[in-house]
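The C-terminal position of the sequence shown is numbered 1274 in the numbering used here, with every residue numbered one higher than the one before it. Using N, Cα and C, we set each Cβ at its ideal position, and we do this for glycine too. From a predicted model like this one, the values you see are computed outputs, not experimental measurements.
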Amino acid sequence: MLAFSPAAERMFGFKAAEIIGHNISLLMPSPHAENHDGYLNNYLTTGKKNIIGIGREVAARKKNGTLFPVELSVGVLTRHDERLFTGFLRDLTTHRLSENQIADLQSKLIQLARHSAMGELATTLAHELNQPLTAIANYTLATRKLVTDLKPGEQTDTVLKLLDKSAKQAQRAGEIIRSIRTFVKHHENKFRWENLEDAVCEAVKIATIGTGNRPINVHINKPDPVPDICMDRIQIQQVVTNLVRNAVDAVRVKNGEHVINIEISRHGMRSVIVRVLDNGPGITPQIEKRLFESFNTSKPDGVGVGLAISKTIITSHNGYIRGRNRAQGGAEFYFILPIDSKAEEISS
Ligand code: ADP
927 MLAFSPAAER MFGFKAAEII GHNISLLMPS PHAENHDGYL NNYLTTGKKN IIGIGREVAA
987 RKKNGTLFPV ELSVGVLTRH DERLFTGFLR DLTTHRLSEN QIADLQSKLI QLARHSAMGE
1047 LATTLAHELN QPLTAIANYT LATRKLVTDL KPGEQTDTVL KLLDKSAKQA QRAGEIIRSI
1107 RTFVKHHENK FRWENLEDAV CEAVKIATIG TGNRPINVHI NKPDPVPDIC MDRIQIQQVV
1167 TNLVRNAVDA VRVKNGEHVI NIEISRHGMR SVIVRVLDNG PGITPQIEKR LFESFNTSKP
1227 DGVGVGLAIS KTIITSHNGY IRGRNRAQGG AEFYFILPID SKAEEISS
């Protein structure tokens, strides 16, 4: 080494005075350190450039032995008969750190969303179950009173009617609990071959719980047969729940009939597409620009992570997700999933 800049001194922890005159391999980890002179001779004899003028990410070694990532570009200049090499380095430590931090944050967000979705679900569940249970209690009390007042042989029509109503409400409560159970049961981070339609229907049921008092017409269409998909069921259901909840929020802004259409169909030979269409007011221009970015929300109580998480999930399935306004008004969100993403991982 003939020169060592002050920036390099800070980066590596060597003083120029102690390193000048030494072999540059001192700044490299194994095996590049041992091979470096060989690389150099190779270039000097063949003229073949492996790194010169190209630049790449490599590991560098500090004085204390710590390795750190750098972007290295090497230039060469000829002075008289001598060839001099210059190395320009950019320390990528913080860059890497933030990439890792983003990945970490995203997985935390997914967990958080699951927890909050579960919390929200539990609250809705308590509310939803309260109605049939109160109804059952009322019908049973009314029946009891009637039965007490009845004389032997008297008409029992009203009693039977009340008992039927009571049984129907109990059934409804049972259905609500069952649908939540199936939703929670699959709560593992696993890719499996799954029936997409079942998964979507279940998620739609969950997403529309609590909308009974202001009815929304939700239709699920499957124009052609769809094969099983290799996917993480709960994650895909989370995406569908997000999209349908957003559609519910959107249509409720407007008066008139509220319609949400969900379509599941094949997309070419190797993919499927799930579309969620609504007749709400559509996506506002400010939001549209950064639709899938975190903390982008137009709702007073929104967090703005639903679509960002959905994108992370769909991307991890090697698919993609898009949202746009429909020509006839309202919004359309769709995601496309390859049929056999991660299939190798499953079979291995
Ligand atoms: P949040 O629902 O908490 O706001 P999301 O990431 O799920 O977070 O959605 C971000 C924003 O995208 C919403 O606040 C809304 O402005 C817009 N958006 C999502 N879905 C629709 C839709 N179906 N119609 C109109 N706007 C939508």
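Exposure of N1168, with buried meaning 16 or more beta-carbon neighbours within 10 Å:
Burial check for N1168: the Cβ neighbour count within 10 Å reaches 16 or more, so the residue is buried.
Buried or exposed: where does E983 fall if 16 or more other Cβ atoms within 10 Å of its Cβ makes it buried?
By the neighbour-count criterion, in which a residue is buried when 16 or more other Cβ atoms sit within 10 angstroms of its Cβ, E983 is exposed.
beta-carbon G947 near the ligand ADP non-hydrogen atom, thresh 6 Å:
Not so, every heavy atom of the ligand ADP lies at least 6 Å from the Cβ.
Assigned exposure category for V1179 - 16 Cβ within 10 Å defines buried
V1179 comes out exposed.
Between which two residues does the beta strand (DSSP E) holding P995 run?
Looking at the DSSP string, the run of the beta strand (DSSP E) that includes P995 is L993 to R1005.
Curious, which full-length beta strand (DSSP E) runs of at least 3 residues does the region 1153-1231 contain?
You should have 1155-1157, 1185-1193 and 1197-1204.
Specify, as a first and last residue, the run of the beta strand (DSSP E) that N1143 falls within.
It spans N1143 to N1147 - the beta strand (DSSP E) in which N1143 sits, taken as one unbroken run.
With 16 as the cutoff for other CB atoms within 10 Å, does Q1254 come out buried or exposed?
Counting Cβ neighbours within 10 Å, Q1254 comes out exposed, since fewer than 16 surround it.
Buried or exposed, going by whether 16 or more other CB atoms sit within 10 Å of the CB of V1198?
With 16 or more other Cβ atoms within 10 Å, it is buried.
The ligand ADP and V1229: does any heavy atom of the ligand fall closer than 6 Å to the residue's C-beta?
For the ligand ADP, at least one heavy atom lies less than 6 Å from the Cβ of V1229.
From the DSSP output, in three-state form, read off A1253 for me.
A1253: coil per DSSP, three-state reduction.
With respect to 6 Å, is the separation between the Cβ of N1251 and the closest non-hydrogen atom of the ligand ADP below this value?
It does not: the Cβ of N1251 is nowhere closer than 6 Å to a heavy atom of the ligand ADP.
Bridge partners - V984, DSSP secondary structure assignment
According to the DSSP secondary-structure assignment, V984 is paired through a beta bridge with V996.
Is T1223 close to the ligand ADP? I mean its beta-carbon at under 6 Å from any heavy atom of the ligand.
Indeed, a heavy atom of the ligand ADP lies less than 6 Å from the Cβ.
Residue burial classification, P1227 (beta-carbon count within 10 angstroms, cutoff 16)
Inspection of the sequence shows that residue 1227 is occupied by Asp rather than by Pro. Exposed, because fewer than 16 other Cβ atoms sit within 10 Å of the Cβ of D1227.
Around the Cβ of P1058, are there at least 16 other Cβ atoms within 10 angstroms (buried) or fewer (exposed)?
Classification for P1058: buried.
Would you say the beta carbon of A1257 comes nearer than 6 Å to a heavy atom of the ligand ADP?
A1257: yes, Cβ under 6 Å from the ligand ADP.
Only counting the same chain, and skipping five residues up and downstream in sequence, which positions put a Cβ closer than 7 Å to that of K988?
The answer, listed in chain order, is F938, G939 and F994.
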